[in-house]
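Participant: Residue numbers (the numbering used here): 41 to 320.
Handing you this structure, nothing more for now.
Right, here's the structure in full:
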């Protein structure tokens, strides 16, 4: 296709008509084989469309799955009034679990529990999987072969990220002084149990994901409801509590480990991914 203006209009219409991001490959597939534009032509059309949005209330951005139009943050407070019910904030327990998976993937459920000091509610894992923010990427080669969790492309898209490299670095967080020795992020169990204040990593990582979530615009996304899938249980040294349901989180010491009697995987046990590694 030799008409740049026509190509630009087609790309713009396609991105506005779809409810999900489109990659350059998907845009090229809209054309017949003989008239398909090159990737460089499509890239120029996209750059031109992005420039056109400079003074508009929408912007054309690239996320993990491709390009999409979305509402700019400076006009979001007004546009959000189109939805009568504001999306509720996610529970701290769910965000901490998601943050640990995002920053320390691949990671097992037992390792998450070991860091947080409480059992991870099955509802939390199920909710994150149903939301398609996490998936099983393999199994650790220890007795019981516990599942290894990692994030998905939809997770990146939701938080306006092109790759995991764009996650806010922990060193940029306001409470970084609390983490000092945790920044090395050594694999759990490699040198014994986690440090006493390892739970600070979960809190700090949650702050980082909160910052990324603030940049997400709900337009085009299904109205989110509160994912109240469990809440924090008492710390490990708290007095025993009454029995709780599956929706609650219980102290880590009261649940069996899926990685050995000490709650940590064997240091010399390799990981084996059962599926392709997540790409950016």
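Just so you know, even glycine gets a beta-carbon here, dropped at the ideal spot from N, CA and C.
What are the boundary residues of the beta strand (DSSP E) that residue 144 is part of?
Facilitator: First-last for residue 144: 132 to 144, but that is the alpha helix (DSSP H), not the beta strand (DSSP E).
Participant: I need the straight-line Cα distance from residue 48 to residue 173, nearest angstrom please.
Facilitator: 32 angstroms
Participant: Among 203, 209, 197 and 160, which one has its Cα closest to the Cα of residue 59?
Facilitator: 197
Participant: According to DSSP, simplified to helix, strand and coil, what is residue 70?
Facilitator: Residue 70: coil per DSSP, three-state reduction.
Participant: Could you give the residue range of the alpha helix (DSSP H) that holds residue 51?
Facilitator: 44 to 57
Participant: Within a Cβ cutoff of 7 angstroms, which residues of the same chain sit near residue 67, ignoring the five residues on either side of it in sequence?
Facilitator: 51, 54 and 82
Participant: Leaving out five residues before and five after residue 88 in sequence, what residues of the same chain have Cβ atoms less than 6 angstroms from its Cβ?
Facilitator: Counting only Cβ-Cβ distances below 6 angstroms, and skipping sequence neighbours, we find 48.
Participant: Since I believe residue 111 is in contact with residue 103 (beta carbons under 8 angstroms), could you give me their beta-carbon distance rounded to a whole number of angstroms?
Facilitator: Residue 103 to residue 111, Cβ: 14 angstroms. No contact.
Participant: Kindly indicate which three-state DSSP category residue 191 falls into: helix, strand or coil?
Facilitator: strand
Participant: Is DSSP giving residue 121 helix, strand or coil here?
Facilitator: In the three-state DSSP reduction, residue 121 falls in the helix class (H, G or I).
Participant: Taking residue 108 and residue 77 to be in contact with their CB atoms under 8 angstroms, please state how far apart those CB atoms are, rounded to whole angstroms.
Facilitator: Incorrect: roughly 20 angstroms between the Cβ atoms, too far for contact.
Participant: Tell me whether residue 179 sits in a helix, a strand or coil according to DSSP, three-state version.
Facilitator: strand
Participant: For the beta strand (DSSP E) holding residue 108, just list the boundary residues, first then last.
Facilitator: 106 to 111
Participant: On the premise that residue 150 lies in contact with residue 186, defined as a C-beta separation below 8 angstroms, what is that separation, rounded to the nearest angstrom?
Facilitator: 6 angstroms
Participant: So, residue 119 versus residue 137, is the Cβ gap smaller than 8 angstroms?
Facilitator: Taking 8 angstroms as the cut-off, the beta carbon of residue 119 is found no closer than this to the beta carbon of residue 137.
Participant: Under the DSSP definition of a beta bridge, which residues are partnered with residue 100?
Facilitator: Looking at the DSSP assignment, residue 100 forms a beta bridge with 109.
Participant: Assign residue 74 to buried or exposed, taking buried as 16 or more other Cβ atoms, counted over all protein chains shown, within 10 Å of its Cβ.
Facilitator: exposed
Participant: So, helix, strand or coil for residue 158, using DSSP?
Facilitator: strand
Participant: Classify residue 69: buried if its beta carbon has 16 or more other beta carbons within 10 angstroms, exposed otherwise.
Facilitator: Result: exposed.
Participant: Could you check the C-alpha separation between residue 25 and residue 155 for me, to the nearest Å?
Facilitator: Past the edges of the chain, shown from 41 to 320, lies residue 25, and the structure says nothing about it.
Participant: For residue 62, name the three-state secondary structure that DSSP assigns.
Facilitator: strand
Participant: Assuming residue 88 is part of the alpha helix (DSSP H), what are its boundary residues?
Facilitator: 79 to 92
Participant: Taking 8 angstroms as the cut-off, decide whether the C-beta atoms of residue 191 and residue 142 are in contact.
Facilitator: yes
Participant: Rounded to whole angstroms, what is the Cα-Cα separation between residue 204 and residue 184?
Facilitator: 29 angstroms
Participant: Any idea if residue 57 is buried or exposed, counting beta-carbon neighbours within 10 angstroms, 16 or more meaning buried?
Facilitator: With fewer than 16 other Cβ atoms within 10 Å, it is exposed.
Participant: From 64, 93 and 115, pick the residue whose C-alpha is nearest to that of residue 80; which is it?
Facilitator: 64
Participant: For residue 131, is the classification buried or exposed, using 16 other Cβ atoms within 10 angstroms of its Cβ as the cut-off for buried?
Facilitator: buried
Participant: Relative to the alpha-carbon of residue 157, which residue among 114, 195 and 133 has its alpha-carbon at the smallest distance?
Facilitator: 133
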